[in-house]
Each structure stands twice: as C-alpha cells, then as structure tokens.
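Reading through the structure tokens given below for one structure.
And the structure:
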C-alpha cells in the first residue's frame, strides 16, 4: 500500500514516522488491503485538527484522529470502473498534541498511542465504526489485536 505521510508540525522524528508507516502497512496486510491501494496521513497540532473538526464535522474542539474515507459511496453516486485505477482509501489526520496527552493519560508510550491512532484511522477508512456498542467492541478488538501482534503492547511506557 502506498502511504503518503506529511508532518505539518515538523516535530515528529523519522523513526516515529517509520513506525507509523510500518504499523499501517502491517494493519493493511492483516485486513487484506490491496497492495495498489493509497492513503495519506497528515500529522498536525491541536489548533489545526480543531479547525478541521469544526469545518468538516461541526464540532469545535480538538480531537485525536479524523478519517476521511474516499471510497464511501454516497446516495446517487456511481461506481468508478477500471482495473488500473488505484483505490484511494482516503485521508487520516492525527493530532500530535492529542497523541502526547493521551499517552500520558493512558500511561503508555507515545509510540503505542501514535500507532493506535493510525490504526484507528485506517480501520475507519476500511469501513469500521464505533457508533454502536457492538461495532465499538469489534473495532477496538481489531485494533488491539493488530497492535499486540505487531508488538505494541498497552503497558509499554
């Protein structure tokens, strides 16, 4: 899978960018995502994600991750046809500020929280949701399974 990673904060070290890339590739393999699929991940601060959240979701507060799935077909939209067209899954926006705060709050490493937010965003792009208790349990179980098998345990600090 092609992943475009953009660090708008210019605060994230290369090894953390590589970790995010690797865990997203791993999660995509676990979910049988086509190798030709594409997605982007943009790393921002709280101020930027708050503006995005307000503009696109009508919620004027900073959040940790937002996913914009491009393959969701709306009512009345036509299927895109063609074997040679790469599937663009969509875009993920992660707040580095929220990731740092939540790592402290949940008492685990920044790396684990950062990877969690990336996997969470990817699963949203793949159609997972947590609007109902049943869906939430399924999605969070999937996230935990991916992170654990990748080697990022919850209690790492």
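Residue numbers (my numbering): 5 to 161.
Think of the CB as a built atom: it goes at the ideal place given N, C-alpha and C, for glycine as much as any other residue.
All figures in this text were calculated on a predicted structure; none of them were measured in a lab.
> Three-state secondary structure (DSSP) at residue 43?
Replying inline: Here residue 43 refers to the residue found at position 39 when the chain shown is read from its first residue. Looking at residue 43 - three-state DSSP - the assignment turns out to be strand.
> What is the DSSP secondary structure of residue 122, reduced to helix, strand or coil?
Replying inline: What you label residue 122 is simply residue 118 of the chain shown in a count that begins at 1. Residue state, collapsed to three classes: helix.
> Around the Cβ of residue 150, are there at least 16 other Cβ atoms within 10 angstroms (buried) or fewer (exposed)?
Replying inline: The sequence position of residue 150 within the chain shown is 146, counting from 1. Buried, because 16 or more other Cβ atoms sit within 10 Å of the Cβ of residue 150.
>> When you compare the CB positions of residue 12 and residue 46, do they come within less than 8 Å of one another, or not?
In response: In the chain shown, residue 12 corresponds to position 8, counting from 1. In the chain shown, residue 46 corresponds to position 42, counting from 1. Yes. Within cutoff.
>> Rounded to whole angstroms, what is the Cα-Cα separation between residue 25 and residue 9?
In response: For this step, residue 25 is matched to residue 21 along the chain shown. For this step, residue 9 is matched to residue 5 along the chain shown. Going from the Cα of residue 25 to the Cα of residue 9 covers about 8 Å.
>> Pull the bridge partners of residue 113 from the DSSP assignment, please.
In response: In the chain shown, counting from the first residue as 1, residue 113 sits at position 109. Residue 113 is not bridged to any residue.
> By how many angstroms is the C-alpha of residue 146 removed from the C-alpha of residue 157?
Replying inline: Taking the first residue of the chain shown as 1, we reach residue 157 at position 153. Taking the first residue of the chain shown as 1, we reach residue 146 at position 142. Cα to Cα, the separation comes out at about 14 Å.
> By Cβ distance, which residues of its chain are closer than 8 Å to residue 132, with the 5 residues on each side in sequence left out?
Replying inline: Taking the chain shown and counting its residues from 1, the one referred to as residue 132 is at position 128. So the list reads 139, 142, 143 and 146, once near-sequence residues are dropped.
> Do you know how far the Cα of residue 74 is from the Cα of residue 54?
Replying inline: Position 50 of the chain shown, counted from the first residue, corresponds to residue 54. Position 70 of the chain shown, counted from the first residue, corresponds to residue 74. Approximately 21 Å, taken between the alpha carbons.
> If residue 122 sits next to residue 96, beta carbons under 8 Å apart, how far is it from one beta carbon to the other, in whole angstroms?
Replying inline: Residue mapping note: residue 122 aligns to position 118 of the chain shown, counting from 1. Residue mapping note: residue 96 aligns to position 92 of the chain shown, counting from 1. Contact holds; Cβ gap of about 7 Å.
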